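K.L.:
Below you will find the structure I want to go over with you.
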Ligand code: ZN
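Residue numbers (the numbering used here): 469 to 607.
Next comes the structure, spelled out in structure tokens:
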């Protein structure tokens, strides 16, 4: 069995953003040389997500509005977590609901995604360098 590991780094200049990362994951898969197996992609930070959905800007605006309704950034003091001096209590909650990781089947050297499935990095507390782990196992 072959095993491949790579960290993808992001430095999002805003607090929140969604980034389409399917091409970067496909690049990792090509690099790995693996034809059949599994590909795990996970955020390595507790205020960021990796998820799969449609690459459609209206949907991403809907996520932004929906997440702000569920866990508004302001007022900062509404979160017990921010008693520690941080201001990212909302970002931890947003990450929880959007998920930590995705696993995609690898078939005949390609990501075996559904027709509209694309992989995204969700940033909820940006403006600093953060990482996503790509781990591919198979043969
Ligand atoms: Zn925090």
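No residue lacks a Cβ here, since even glycine has one placed at the ideal position from N, Cα and C. Values in this document were obtained by computation on a predicted structure and should not be read as measured data.
(1) If you draw a straight line from the alpha carbon of residue 495 to that of residue 474, how long is it in whole angstroms?
(2) Would you kindly report the start and end of the unbroken alpha helix (DSSP H) that includes residue 522?
(3) Look at the alpha carbon of residue 470 and the alpha carbon of residue 502, and state the distance between them as a whole number of angstroms.
(4) Could you tell me the alpha carbon to alpha carbon distance between residue 527 and residue 508, rounded to whole angstroms?
(5) According to DSSP, simplified to helix, strand and coil, what is residue 568?
(6) Three or more C-beta pairs closer than 8 Å, one from the segment 513 to 522 and one from the segment 567 to 583: is that the case here?
P.N.:
In terms of the structure at hand:
(1) 11 Å
(2) That residue, residue 522, is in no alpha helix (DSSP H); it is neither H nor E in DSSP.
(3) 7 Å
(4) 24 Å
(5) Looking at residue 568 - three-state DSSP - the assignment turns out to be coil, as it is neither helix nor strand.
(6) yes
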